[in-house]
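Enquirer: My structure is below; once you've seen it, I'll send some questions.
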Amino acid sequence: MYEAECAVIHDLSTSVEYQIIVATRGILFLVPVFRIISQWKEFGFRFLVHDNTKILFCFYYALSIFHSFVFGIVYLLELVRIRYECLLIDFRYLLLTKCSGISSVFSAHHVILIISFERLYSSIFPAHFERNSSRSLAIYLALTAV
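Numbering of the sequence shown is given in this note's numbering, commencing with residue 5 and proceeding in unit increments.
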């Protein structure tokens, strides 16, 4: 099996098209990391009114940065791997990075759902929401989604 995998890696290392695809995908995942960070620093959370929403949106930004970074690193590792003659990376590392990236994508979507439900609750019961709202509840909900 080792020789067959080395043959596949050798074929991919000579394929310019595959190298361009992997490099492009790596760049397309790493550029948004810097764009999201610059957007976070430039705009912040001035457009959000409530503290709970700010906390949840902070978790959303952090998860977006994390999964873009993880997938970018995976493609850069693939690019490094095909540059060498027969460098095999342990599948557990790739599985760990891919699964953590995919779970962070789902977690980011769950955080947005929590923000939506929180806004819905605050518009239906505004007085109760303002009396019983707390920062620790928002942090707990965000960590539950993560």
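Backbone N, C-alpha and C fix where the C-beta goes; we use that ideal spot for every residue, glycine too.
Since this is a predicted model, take the numbers as computed values, not measurements.
Look up residue 19 in the DSSP assignment and say whether it is helix, strand or coil.
Expert: If you number the sequence shown from 1, residue 19 lands on position 15. Residue state, collapsed to three classes: coil.
Enquirer: Starting from residue 75, follow the alpha helix (DSSP H) in both directions and report where the run begins and ends.
Expert: Sequence index remark: in the sequence shown, residue 75 carries index 71 (1-based). Its alpha helix (DSSP H) spans residues 55-87.
Enquirer: Straight-line CA distance for residue 36 to residue 59?
Expert: By one-based count along the sequence shown, residue 36 stands at place 32. By one-based count along the sequence shown, residue 59 stands at place 55. Each residue's alpha carbon lies about 21 Å from the other.
Enquirer: Label residue 118 either buried or exposed according to how many other C-beta atoms from any shown protein chain fall within 10 Å of its C-beta, with 16 as the threshold for buried.
Expert: Translated into positions along the sequence shown, residue 118 becomes position 114. So residue 118 counts as buried.
Enquirer: Determine, using beta-carbon pairs with one atom in the region 47-66 and one in the region 93-100, whether at least three such pairs fall under 8 Å.
Expert: No, the region 47-66 does not touch the region 93-100.
Enquirer: Verify whether the separation of the beta carbon atoms of residue 13 and residue 90 is less than 9 Å.
Expert: The sequence position of residue 13 within the sequence shown is 9, counting from 1. The sequence position of residue 90 within the sequence shown is 86, counting from 1. Closer than 9 Å, so yes.
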